[in-house]
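Here the structure comes first, spelled out in structure tokens, and everything after it is commentary.
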Amino acid sequence: MDAKRVKQILSSSAEIDVKYNGVSVWIDGLNEDGRTATVHLRDPQLEERTIVEIHELVEEL
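Residues in the sequence shown are numbered from 158 upward in steps of one, following the numbering used here.
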């Protein structure tokens with residue numbers, strides 16, 4: 158994924174399935190470096206946030 162698509166997903170009202178290492182995540186924000194994003198698992202019990210390289214994020218269609 159690239160920074161442009163991350164921004165589109167963040168501004169969308171649609172629920173878009175994004176995976177990191179095969180696990181569904183929510184994108185919380187694109188970081189200032191434009192190469193990383195803060196994400197957390199799509200599990201209401203798990204709020205731990207992680208910084209990941211955006212090229213490792215995959216949009217499930």
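Every residue, glycine too, gets a C-beta built ideally from N, C-alpha and C.
Look up histidine 108 in the DSSP assignment and give the residues it is bridged to.
Residue numbering for the chain in the displayed model covers 158 to 218; residue 108 lies beyond these limits and cannot be assessed.
DSSP three-state assignment for glutamate 189, whether helix, strand or coil:
Note: glutamate 189 maps to coil in three-state DSSP.
Selection from Ser169, Lys176, Ala194 that minimises the alpha carbon distance to isoleucine 208:
When only C-alpha atoms are compared, the closest one is Ala194.
Tell whether a beta-carbon distance below 8 Å holds between leucine 187 and valine 163.
Remark: C-beta atoms of leucine 187 and valine 163 approach each other more closely than 8 Å.
Measuring CA to CA, which of Asp174, Asp185, Glu217 is closest to arginine 206?
Comparing Cα positions, the closest option is Asp185.
Valine 215 and valine 196 - do their beta-carbons sit closer together than 8 Å?
Between valine 196 and valine 215, the C-beta gap is not smaller than 8 Å, which leaves the two residues out of contact.
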